[in-house]
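*Asks:* Just so it is clear: in the sequence shown, position 420 is 429 by our numbering, and no numbers are missing.
Think of the CB as a built atom: it goes at the ideal place given N, C-alpha and C, for glycine as much as any other residue.
Below is a structure I'd like to ask you about.
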Amino acid sequence: MIDINRKLGFPAKKVALVTFWVETFGCQMNKSRSEHLAYLLEEEGFFPAKGSEEADILVFNTCAVREHAAERAINIINKVAQERKDKNPHSIVVVCGCLGQLEKEKLLEKGKEIDVLAGTHNWEEIPLLIKKAWQGKVKIADFKEEPPPVFQEKGYWHSNPISAYLPITFGCDNFCSYCVVPYTTGRERSKPPEIIKEELTSLVGEGFREVTLLGQNVNSYGRDRGKERGFEELLLDIEKWLGGKKVWIRFLTSHPRDFREGIVEIVKSSSLLCPYFHLPLQAGSDKILQLMRRGYSREDYLNKISFIRQSIPEARIGTDIIVGFPGETESDFWETLEVVEEARFDVAYTYIYSPRPGTAAYLLEDDVPLEEKKRRLYILNDALRNIYQEKLPSLRGKIVEVLVDQKEGNLVSGKTANNLRVYLPEPSLEVGEWEEVILASGEGNKIYGSVRR
Ligand code: SAH
Ligand code: SF4
Numbered sequence: 010m011i012d013i014n015r016k017l018g019f020p021a022k023k024v025a026l027v028t029f030w031v032e033t034f035g036c037q038m039n040k041s042r043s044e045h046l047a048y049l050l051e052e053e054g055f056f057p058a059k060g061s062e063e064a065d066i067l068v069f070n071t072c073a074v075r076e077h078a079a080e081r082a083i084n085i086i087n088k089v090a091q092e093r094k095d096k097n098p099h100s101i102v103v104v105c106g107c108l109g110q111l112e113k114e115k116l117l118e119k120g121k122e123i124d125v126l127a128g129t130h131n132w133e134e135i136p137l138l139i140k141k142a143w144q145g146k147v148k149i150a151d152f153k154e155e156p157p158p159v160f161q162e163k164g165y166w167h168s169n170p171i172s173a174y175l176p177i178t179f180g181c182d183n184f185c186s187y188c189v190v191p192y193t194t195g196r197e198r199s200k201p202p203e204i205i206k207e208e209l210t211s212l213v214g215e216g217f218r219e220v221t222l223l224g225q226n227v228n229s230y231g232r233d234r235g236k237e238r239g240f241e242e243l244l245l246d247i248e249k250w251l252g253g254k255k256v257w258i259r260f261l262t263s264h265p266r267d268f269r270e271g272i273v274e275i276v277k278s279s280s281l282l283c284p285y286f287h288l289p290l291q292a293g294s295d296k297i298l299q300l301m302r303r304g305y306s307r308e309d310y311l312n313k314i315s316f317i318r319q320s321i322p323e324a325r326i327g328t329d330i331i332v333g334f335p336g337e338t339e340s341d342f343w344e345t346l347e348v349v350e351e352a353r354f355d356v357a358y359t360y361i362y363s364p365r366p367g368t369a370a371y372l373l374e375d376d377v378p379l380e381e382k383k384r385r386l387y388i389l390n391d392a393l394r395n396i397y398q399e400k401l402p403s404l405r406g407k408i409v410e411v412l413v414d415q416k417e418g419n420l421v422s423g424k425t426a427n428n429l430r431v432y433l434p435e436p437s438l439e440v441g442e443w444e445e446v447i448l449a450s451g452e453g454n455k456i457y458g459s460v461r462r
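And the structure:
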């Protein structure tokens, strides 16, 4: 994730460079946490490496959401760490984040190459732990059970020069029955608005073109500070702070239970807020939604989707869906497919249910066989792909604004405000430019366009 090109010109007095690399598993929230850690490491005098192969300090910021991912992470960590240490015996391997918090015993037992093991609540201490491990040539495991009371982070190292993440809440109070996040990240805390104002205005001042506000459930922003509609207040404040500026503001994730019409109305009348809504459905049957403790019904969900579609026809909607939750029958699964057909999602992340120790659903019998879970996932992905393909012809010929955010060789691409990635076969375009684009054709999952001149 570290782009060394943004960090040229090391001060001459730094002779011996100690370099770091942060490898991230999991969601955007975790990517942002890695950016925070990179900032802390740099503050401490370490330098970003060009790649994991060269780093003196190799950090793995882990994810614990699914068991398979957790097992895979441990294997990757051991393999990469071993290779690193064979080349440079002085290198330090750090494991932190959700898996560290949740599975310390397993990591201590299986992660033989780990020098520093930390969790989710002692982020700011990691640079110091690294120094201690290095100087004392000892292994260190250090955790805090509780997060700091106020959610405030010292700063972020931005891996993309024009697009930044800005966490506005941390933790989660929802305790969906399948999910470990509340256990690994603690109770939900909202960043004070004055800090968000400072961070956001300075990002825009530095030239960032796009900022994504992050939280496990951004819609409940401010609830811990006594505000029922704190998120709407925040969006309106953002309008005031940035009024007149050309910048795109996105937000992720919206828990459907807390998603309110007021949010759609604010987005509709704003030139800053992007009309993309990520509303994880998880399941389409009321029985399963209840077992998941999601707090909404299929009908509530679909009403919210139709409100968005009616209010902002160009809005795009994304979702997350789990198949094979305990007790999910064939007909429950077909209800999920029905909701998918009705909601006509534009983006979807789909998962096979994975029992996580410590969660409420872990006590339920994991009664859908793996082969059946895989079959359902296949059918679901097929349905989603068909919807996507059916939508492609209606995009052709549309004129949209695209923010160019990726350039690798001749391959240039960018996103529309409503979060559609468009490939532009025009190598002269620069990252950070907004272009008026005519959408042309779709090939597989890729949409191509050309700049309107
Ligand atoms: N806060 C977000 C999601 C965070 S986790 C929200 O509530 O929408 C990202 C996704 O991982 C979830 O939306 C869910 O679809 C999936 N997920 C979480 N726990 C899971 C589990 N035990 N098994 C399978 N998928 C899971
Ligand atoms: Fe997990 Fe539910 Fe919280 Fe999302 S809202 S992080 S799925 S507990």
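1. So for Leu288, helix, strand or coil by DSSP?
2. With Lys70 as the anchor, note down where its beta strand (DSSP E) starts and where it stops.
3. Just the residues with CB closer than 6 Å to a heavy atom of the ligand SF4, in chain order, which are they?
4. Since Thr463 and Ala292 are thought to touch, with beta carbons under 8 Å apart, how far apart are those beta carbons, to the nearest angstrom?
5. By DSSP, does Cys105 sit in helix, in strand, or in coil?
6. Is DSSP giving Gly458 helix, strand or coil here?
7. Using a Cβ-Cβ cut-off of 6 Å (strictly less than) and excluding sequence neighbours within five positions of Lys119, which residues of its own chain qualify?
8. For Ser315 and Trp143, I'd like the C-alpha separation in whole angstroms.
9. Give every residue of the same chain whose Cβ lies closer than 7 Å to the Cβ of Arg462, excluding the five residues on either side of it in the sequence, and list them in chain order.
10. Report the CB separation of Lys464 from Glu242 in whole angstroms; it is logged as a contact under 8 Å.
11. Assuming Asp295 contacts Arg325 (C-beta within less than 8 Å), just tell me the rounded distance between them.
12. What are the start and end residues of the alpha helix (DSSP H) that includes Arg93?
13. Tell me which residue opens and which closes the alpha helix (DSSP H) that Arg353 is part of.
14. Along the chain, which unbroken stretches of the beta strand (DSSP E) at least 3 residues long are found entirely within the stretch 255-329?
15. Output yes or no for whether 8 Å exceeds the beta carbon distance between Ala78 and Cys105.
16. Is Leu412 closer than 8 Å to Lys424 when the C-beta atoms are compared?
17. Under 8 Å, do Ala370 and Ser186 count as touching if we go by C-beta distance?
18. When you compare the stretch 129-138 with the stretch 83-101, are there three or more beta-carbon pairs, one atom per stretch, that lie closer than 8 Å?
19. Would the C-beta of Ile321 count as close to the ligand SAH, meaning under 7 Å from any of its heavy atoms?
20. Tell me whether Gly486 sits in a helix, a strand or coil according to DSSP, three-state version.
*Replies:* Quick answer:
1. It is coil, neither helix nor strand.
2. The residue asked about is misnamed: residue 70 is Asn in this sequence, not Lys. DSSP places Asn70 in the uninterrupted beta strand (DSSP E) bounded by 66-71.
3. Here the residues close to the ligand SF4, judged by CB distance below 6 Å to any of its heavy atoms, are Cys181, Asn183, Phe184, Cys185, Cys188, Val190, Pro191, Gln225, Asn226, His264 in chain order.
4. The shown model of the chain, from 10 to 462, leaves out residue 463, and the question about it has no answer.
5. Looking at Cys105 - three-state DSSP - the assignment turns out to be strand.
6. Gly458: strand per DSSP, three-state reduction.
7. Annotation for Lys119: Ile83 place their beta carbon closer than 6 Å to its own, counting only its chain and skipping 5 residues before and after.
8. A straight-line Cα-Cα distance of about 56 Å links Ser315 and Trp143.
9. Apart from sequence neighbours up to five positions away, no residue of its chain approaches Arg462 with a beta-carbon distance below 7 Å.
10. What the structure shows of the chain is the stretch from 10 to 462, and residue 464 is not part of that stretch, so it cannot be assessed.
11. About 26 Å; that fails the 8 Å criterion.
12. Element bounds for Arg93: 76-96.
13. Counting along the chain, Arg353 falls outside any alpha helix (DSSP H), and DSSP gives it neither H nor E.
14. The stretch 255-329 contains these whole beta strand (DSSP E) runs: 257-261, 285-287.
15. Cβ distance not < 8 Å, so Ala78 and Cys105 don't count as in contact.
16. Yes, these two residues count as a Cβ contact at 8 Å.
17. Yes; because the gap between Cβ atoms is below 8 Å, this pair is in contact.
18. For the pair of segments examined, the stretch 129-138 was found not to touch the stretch 83-101: the number of CB pairs separated by less than 8 Å stays below three.
19. Because no heavy atom of the ligand SAH lies under 7 Å away, the Cβ of Ile321 does not count as near it: no.
20. Residue 486 falls outside the range modelled here, since the chain spans only 10 to 462, and no answer is possible.
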